[in-house]
Amino acid sequence: MANSEGRNWTTGRSQAGTVWSANMLQAIKSPEVSALLLLALLLFAFIAVGHRLGLW
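Below is the structure:
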């Protein structure tokens with residue numbers, strides 16, 4: 001179910017989606033947002049590795 005929804009979302013993107021992704025790319029270039037994204041990625045990796053090792 002999630003896969004079909006994902007396909008519909010990617011194929012059904014409109015002009016607004018393109019503008020939104022361009023705005024997101026501009027936001028990602030700012031140091032604050034990139035630092036937050038890096039922190040979120042590290043947190044996700046930490047949780048994923050801990051879960052894989054059976055820590056929680």
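Position 18 of the sequence shown, counted from 1, bears residue number 18 in full-length UniProt numbering, the numbering being contiguous throughout. Positions of the beta carbon are idealized from the N, C-alpha and C atoms, including for glycine.
Within its chain, find whatever has a CB closer than 7 Å to the CB of Gly50; leave out the 5 residues flanking it on each side and keep chain order.
Trp56
Do the CB positions of Val33 and Ala27 come within less than 7 Å of each other?
yes
Under the three-state reduction of DSSP, which class applies to Leu53: helix, strand or coil?
Coil, per DSSP.
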